[in-house]
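Asker: Quick one: the structure is below, and I'll ask about it shortly.
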Amino acid sequence: MASIELGEDYPEIRESVRRICADFPNEYWRKLDEAEAYPKEFVDALTKAGYLAALIPEEYGGAGLPLRAAGVVLEECHAAGCYAAAAHAQMYTMGSVLRHGSPAQKAKYLPGIASGALRLQAFGVTEPTTGTDTTKLKTRAVLVKSGAGDYYEITGQKVWTSRALHSDLMLLLARTTPLAEVKKKTEGLSVFLVDIRECLGKGLEIRPLKAMINHHATEVFMDGMRVPAANLVGGEGKGFRCILDGMNAERILVSHESIGDARWFVRTASKYACERVVFDRPIGQNQGIQFPIARAYASMQAAEMMLRKAAALFQAGLPCGEDANIAKLLASEASWEAAEACMQTYGGFGYAREYHVERRWREARISRIAPISTNLILAYVGEHVLGMPRSY
Ligand SMILES: Cc1cc2nc3c(=O)[nH]c(=O)nc-3n(C[C@H](O)[C@H](O)[C@H](O)COP(=O)(O)OP(=O)(O)OC[C@H]3O[C@@H](n4cnc5c(N)ncnc54)[C@H](O)[C@@H]3O)c2cc1C
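Following this line, the structure appears as structure tokens:
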């Protein structure tokens, strides 16, 4: 393969994000977790500093930075103990919107998203009955020709659509041609930019979904919801490709969050291992405590290298599916290894809410399931990269 720049490390962005995060200490997050409330002040601070518009081109009021810069923002938030996942969709949806959105769509929505006036925080793909088997999703969109302007009538259901109740816009995947009528199952899917504000109560209902972490999960019900044809992103039937571009960006961005989580766990565990004295010595002197933390640190460093490669390939517009998936696999496992080492280091106090480890441990666990589970990444590597028989 030709040589490729690994990209910058963005020390100034890291420092500036750390300063913002200093205003949102562990206690802020603990209270939100208990109240299941949205971190509005934190999201506003990131928006005001321009970081949620990191990927939006300058001509639309964004910073026009590479994907890695956006990843660095998320990583620093998580390394500081903040939960940027509350706002990260605004970044990863850009993989679809920037590459496949029409000039008119970009002109209409991007300036508002960049300024913070409009929130694009929801990404509706997963459905209750089909789960990971995305191409079998049942939400249907049918084009209706109308003198007042063509529109799609959309009916179906989504589950786990994070932040839909805190978002103005939602990127939605629906089927425009029935599965039985397409040659390849990836054909006939389309992506829509849904204006939640216009549709709520008019064929769109969103219900909160109680979950293990404060992720603002929802169930989305659509019954004859009308979306203007002008809001179709990337051409009818071409939605799978469009979502895939968003998904590689998403894998890279969430991997940065996992690396940030791993840094938080390793730092927190190492500190406690030095301070906590049992049997007249710091617990970190015992290799049973020290080595799992050291091993998690090594896993995190290795994952970070893979992540840098994936981000560099994405930025160069080169195929990066293998690298983005492997980075996601390794980063999520490194963060979970670090979470487990930290929990074990804290012993019983790991369960006490005031130490914040249990909350961050719950939050870190999601990275092995969403946005794609570990098994499906392994299946991708085994089948697409190594050429072994397909399981699906
Ligand atoms: C907190 C949270 C937030 C989320 N946010 C969003 C969001 O904003 N938007 C959105 O669209 N989705 C979201 N999701 C959904 C998430 O992407 C899915 O939960 C995830 O992709 C797994 O799908 P599933 O839950 O339907 O599992 P299933 O598809 O039911 O799979 C269950 C298990 O079986 C395994 N499995 C299935 N098929 C195979 C196979 N062929 N080989 C091996 N193993 C297999 C899977 O790996 C998984 O472990 C979120 C989920 C959570 C929990």
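Note that this note's numbering numbers the sequence shown so that position 37 is 68, with each residue one more than the last. Every residue gets a Cβ at the ideal spot worked out from N, C-alpha and C, and that includes glycine.
Does the stretch 118-128 come within contact of the stretch 263-277, defined as at least 3 CB pairs closer than 8 Å?
Answerer: yes
Asker: Whose C-alpha, out of 356, 184 and 396, is nearest the C-alpha of residue 206?
Answerer: Checked all of 356, 184 and 396; the closest Cα to residue 206 is 184.
Asker: For ligand 1, I want to know if residue 285 counts as a neighbour, meaning its beta carbon is within less than 7 Å of at least one of the ligand's heavy atoms.
Answerer: no
Asker: Cβ of residue 63 within 8 Å of Cβ of residue 245?
Answerer: A distance below 8 Å separates the beta carbons of residue 63 and residue 245.
Asker: Under DSSP, the beta strand (DSSP E) around residue 249 begins and ends at which residues?
Answerer: Here the beta strand (DSSP E) through residue 249 covers 249-259.
Asker: If you measure between the beta carbons of residue 76 and residue 51, is that distance less than 8 Å?
Answerer: yes
Asker: Is there at least one non-hydrogen atom of ligand 1 closer than 7 Å to the beta-carbon of residue 264?
Answerer: With a threshold of 7 Å, the Cβ atom of residue 264 does not count as near ligand 1, since no heavy atom of the ligand is closer than that.
Asker: Name the two residues that bound the continuous beta strand (DSSP E) containing residue 185.
Answerer: First-last of the beta strand (DSSP E) with residue 185: 182-190.
Asker: What does a CB cutoff of less than 7 Å around residue 243 pick up in its chain, not counting 5 residues either side in sequence?
Answerer: 393
Asker: Comparing alpha-carbon positions, which option in 328, 321, 380 and 335 lies nearest residue 288?
Answerer: 335
Asker: At 4 residues or longer, and completely inside the stretch 37-96: list those alpha helix (DSSP H) runs for me, N to C.
Answerer: 42-52, 57-66 and 71-79
Asker: Which residue comes first and which comes last in the beta strand (DSSP E) that contains residue 231?
Answerer: First-last for residue 231: undefined, no H or E at that position.
Asker: In this structure, does DSSP put residue 357 in helix, strand or coil?
Answerer: Residue 357 falls in the helix class under three-state DSSP.
Asker: Between the C-alpha atoms of residue 396 and residue 422, what's the straight-line distance to the nearest angstrom?
Answerer: When only Cα atoms are considered, residue 396 and residue 422 end up about 25 Å apart.
Asker: Is it the case that the CB of residue 242 approaches a heavy atom of ligand 1 more closely than 7 Å?
Answerer: yes
Asker: What do you reckon, is the C-beta of residue 356 under 7 Å from a heavy atom of ligand 1?
Answerer: no
Asker: To the nearest angstrom, how far is it from the Cα of residue 42 to the Cα of residue 325?
Answerer: 24 Å
Asker: Do you know whose CA, among 38, 247 and 235, lies nearest residue 67's CA?
Answerer: 247
Asker: Rounded to the nearest angstrom, what separates residue 385 and residue 113 at their Cα positions?
Answerer: 15 Å
Asker: What are the uninterrupted segments assigned as beta strand (DSSP E) that are 3 or more residues long and contained completely in the stretch 314-394, given in chain order?
Answerer: none
Asker: Any heavy atom of ligand 1 within a distance shorter than 7 Å of the CB on residue 109?
Answerer: no
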